[in-house]
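**Q** By the numbering used here, the letter at position 400 of the sequence shown is numbered 387, and the numbering carries on one by one without gaps.
Where is the CB? At the ideal position from N, CA and C, for every residue including glycine.
No experiment lies behind these values; they were computed from the predicted model shown.
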Amino acid sequence: MTSPSTRPPSRPLPKTFSVKSFGCQMNAYDGARMAELLEEQGLVAVETDEADLVLLNTCHIREKAAEKVYSDIGRLTKTAQGKGRAKPMIAVAGCVAQAEGAEIPRRAPAVDLVVGPQAYHRLPDLIAEAASGKKALDTDMPAASKFDALPKRRRQGPGAFLTVQEGCDKFCTYCVVPYTRGAEISRPWGQVVDEAKALVDAGAREITLLGQNVNAWTHEGRGLHDLIEELARLPRLARIRYTTSHPNDMADGLIAAHRDIDKLMPFLHLPVQAGSDRILKAMNRSHDVASYLKLIDRVRAVRPDIAISGDFIVGFPGETDAEFEETLSAVRAIGHAQAFSFKYSPRPGTPAATMGDAVPAAVMDERLQRLQALIAEQQYAFNRATLGKTCAVLIERDGKLPGQRLGKSPWLQSVLIDGGAIGDLVDVTITQAGPNSLQGEAKVLAAA
Ligand code: SAH
Ligand code: SF4
Ligand code: F3S
């Protein structure tokens, strides 16, 4: 028998929770699924500072993202102290959880629970364990699908994420994802179609199919374009998007889908990362700049108005001034509707982290600024080109001003309009184009 003095300190099971997600859309998806699971267990979602359980759904992609979790933990503890309430149960989920595991509660003893991206269906058990006073940890990557153990999708806004493919086998030399998310796995056709139907029943009008290499999705010989074709048959589903794609997995069928399937939106996020073939090789990207540009040409040939987006890394180890100039040239040749760019961040365990030849921080800063200025210019030009045009806008939420609504154009631009209801798909004439958003006038309001 345990004497009262040696019994581990236990605490009541949490009644309220808050999930904070960082990182990519796949993390946002996982965050939504964890929230659904906790709600099914009877927990109520509340503001972070009021919650009995705070779940930090973390990202490990760059050092800054990974370190953020520790400052958040400190802040949560302090806020609780300041309010004179007990420290909430703190759970760390996501890619930092996977990468650092048991190291997290060692470094931050306020953490009660650590759960990886493939194990979060076990949250109820882990919470009970943490409530009994133990540090609960699960970073297994079980063969059995967590999806079978998760509750049905519910309560959706107009836009929903649906992860169809997990993990990554590409092993770009700078990237942690193959380690934090494991091997590339496609979810089966039936499971994905069922989840899409549940999302539509729960109010979704647009579904974004997600995966680190979503265009490599495959099941029993079928590809992503077959899946898109199937989902396009759902009557109440108005729009389909997918992200992120890898240049090497851009099948002919998927390119053709951009011509043939009206519900597939004219937007393609296809990261090239850099404009120098030597750097691409060192990154293990297994494509070169010329083949990437040819691919973009082929997509534009079938869908001339397609919006191209991408990701770039500046200051990869050994990147010279001339090689960075090649990135700028590639950006000019591509012409983006938007793009993300990052300073290279060495990540523990990745091959690039031990390459040496680091680019000085000041050089990286300058390169990032120049690249971002060029991309911003392209984005503004792309936005201005929509002036006077009429396009369909899916209204997603209220704007800041009374009566104002915010929606998305087919090209993923934010569009402000007056009136309309959330979930409506309305025809809008674009009247103003700014660097980051558009304004328009709604024509006829279509029935939701
Ligand atoms: N699977 C996607 C992207 C995943 S991560 C793809 O391959 O396109 C999102 C972006 O973060 C990457 O495209 C890359 O541009 C950036 N990134 C990844 N690792 C990084 C690192 N170590 N330093 C800086 N940026 C990085
Ligand atoms: Fe990372 Fe490369 Fe995989 Fe994208 S394709 S997740 S950048 S390893
Ligand atoms: Fe970050 Fe993990 Fe996504 S490292 S970018 S949250 S897959």
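I want to know whether the stretch 291 to 298 touches the stretch 321 to 330 - three or more CB-CB distances under 8 Å.
**A** Yes, since at least three Cβ pairs between the stretch 291 to 298 and the stretch 321 to 330 fall closer than 8 Å, the two stretches touch.
**Q** What residue does the alpha helix (DSSP H) around Glu87 start on, and which one ends it?
**A** Per DSSP, Glu87 belongs to the alpha helix (DSSP H) from 81 to 87.
**Q** For Lys217, which of helix, strand or coil comes out of DSSP?
**A** Inspection of the sequence shows that residue 217 is occupied by Glu rather than by Lys. Glu217: helix per DSSP, three-state reduction.
**Q** Report, in whole angstroms, the separation of the C-beta atoms of Ala78 and Leu42, which I expect to be a contact under 8 Å.
**A** That pair is a contact at about 4 Å.
**Q** When the Cβ atoms of the stretch 159 to 178 are set against those of the stretch 194 to 204, are three or more pairs found closer than 8 Å?
**A** Yes, since at least three Cβ pairs between the stretch 159 to 178 and the stretch 194 to 204 fall closer than 8 Å, the two stretches touch.
**Q** If you check the beta carbons only, do Arg209 and Arg246 fall under 7 Å apart?
**A** No, they are not a contact pair.
**Q** Rounded to a whole number of angstroms, what is the C-alpha to C-alpha distance between Glu353 and Glu37?
**A** Taking the straight line joining both Cα atoms gives about 42 Å.
**Q** Starting from Arg384, follow its DSSP beta bridges and name the residues at the other end.
**A** Answer is Leu393.
**Q** Can you tell me where the beta strand (DSSP E) holding His256 begins and where it ends?
**A** Run containing His256: 254 to 256, per the beta strand (DSSP E) assignment.
**Q** Using a 10 Å radius around the Cβ and a threshold of 16 neighbouring Cβ atoms, would you call Gly69 buried or exposed?
**A** Per the 10 Å Cβ criterion, exposed.
**Q** Do Ala437 and Arg(-2) have their C-beta atoms closer together than 7 Å?
**A** The chain is shown only over -12 to 435; residue 437 falls outside these bounds and no answer can be derived.
**Q** Please confirm whether any heavy atom of the ligand SF4 lies closer than 6 Å to the CB of His233.
**A** Yes, the beta carbon of His233 sits closer than 6 Å to at least one heavy atom of the ligand SF4.
**Q** As a quick exercise: from Glu182, Asn14, Gln28, pick the residue whose alpha carbon is nearest that of Gly103.
**A** Comparing Cα-Cα distances from Gly103 to each of Glu182, Asn14, Gln28, the minimum goes to Asn14.
**Q** Taking C-alpha atoms, which residue in Ala379, Leu403, Pro422, Asp264 lies nearest to Pro389?
**A** Nearest of Ala379, Leu403, Pro422, Asp264 to Pro389, Cα basis: Leu403.
**Q** Is there contact here, the stretch 412 to 426 with the stretch 364 to 379, by at least three beta-carbon pairs under 8 Å?
**A** They touch, by the three-pair rule.
**Q** Check for me: the alpha helix (DSSP H) holding Gly69 runs from which residue to which?
**A** Per DSSP, Gly69 belongs to the alpha helix (DSSP H) from 50 to 69.
**Q** For Asp17, which three-state DSSP category applies?
**A** Looking at Asp17 - three-state DSSP - the assignment turns out to be helix.
**Q** Just how far apart, CA to CA, sit Thr231 and Pro111?
**A** Distance between the alpha carbons of Thr231 and Pro111: 31 Å.
**Q** Within 10 angstroms of its Cβ, does Leu374 collect 16 or more other Cβ (buried), or is it exposed?
**A** That one is exposed.
**Q** Taking all protein chains shown into account, decide if Arg192 is buried (16 or more other Cβ within 10 angstroms of its Cβ) or exposed.
**A** Per the 10 Å Cβ criterion, buried.
**Q** On the DSSP letters alone, give me the boundaries of the alpha helix (DSSP H) that Val115 sits inside.
**A** The amino acid at residue 115 is misidentified as Val; the sequence shows Ala. Unbroken alpha helix (DSSP H) run through Ala115: 110 to 118.
**Q** At the level of alpha carbons, what is the spacing between Ile321 and Leu280?
**A** Approximately 7 Å between the Cα atoms of the pair.
**Q** Just tell me which of Arg272, Leu355, Val163 has its CA closest to the CA of Arg49.
**A** Among Arg272, Leu355, Val163, the Cα nearest to that of Arg49 is on Val163.
**Q** In angstroms, rounded to a whole number, what distance separates the CA positions of Ala433 and Ile382?
**A** Any reading at Ala433 needs caution, since the residue's pLDDT is 48, under 50, leaving its predicted position unreliable; the model's value is listed next. Approximately 11 Å, taken between the alpha carbons.
**Q** Which residues in the same chain as Val31 place their Cβ atom closer than 7 Å to its Cβ, once the five residues preceding and following it in sequence are excluded?
**A** Cβ within range, chain order: Lys2, Thr3.
**Q** Using DSSP bridges, identify the partner residues of Phe4.
**A** BP columns for Phe4 point to Ala32, Leu40.
**Q** As a quick exercise: from Arg228, Ala89, Arg334, pick the residue whose alpha carbon is nearest that of Phe254.
**A** With distances taken between Cα atoms, Phe254 lies closest to Arg228.
**Q** Under 8 Å: do the stretch 390 to 401 and the stretch 349 to 363 share three or more Cβ pairs, one atom per stretch?
**A** The stretch 390 to 401 vs the stretch 349 to 363: no contact.
**Q** Looking at the strands, I want to know which residues DSSP matches up with Cys378.
**A** Answer is Val415.
**Q** What do you get for Phe158, buried or exposed, if any count of 16 or more other CB atoms within 10 angstroms of its CB means buried?
**A** It is exposed - the Cβ of Phe158 has fewer than 16 other Cβ atoms within 10 Å.
**Q** The ligand SAH and Phe158: does the residue's C-beta get closer than 6 Å to at least one heavy atom of that ligand?
**A** Outside the cutoff, so no.
**Q** Verify whether the separation of the beta carbon atoms of Pro145 and Gly410 is less than 7 Å.
**A** Yes, Cβ-Cβ distance for Pro145 and Gly410 is below 7 Å.
**Q** Contact defined as beta carbons within less than 8 Å: I believe Thr35 pairs with Lys7. What is the distance between those atoms, to the nearest angstrom?
**A** Yes, Thr35 and Lys7 are in contact; Cβ-Cβ is about 6 Å, under 8 Å.
**Q** Please report the distance separating the alpha-carbon of Ser(-10) from that of Ser132.
**A** Because the pLDDT at Ser(-10) is just 45, under 50, the model does not fix this residue reliably, and the value given afterwards should be weighed accordingly. When rounded, the distance between both Cα atoms is 41 Å.
**Q** Name the two residues that bound the continuous alpha helix (DSSP H) containing Leu315.
**A** Where Leu315 is concerned, the enclosing alpha helix (DSSP H) stretches over 308 to 321.
**Q** In whole angstroms, what is the alpha-carbon distance linking Gln152 and Ala183?
**A** In a straight line, the C-alpha of Gln152 is about 14 Å away from that of Ala183.
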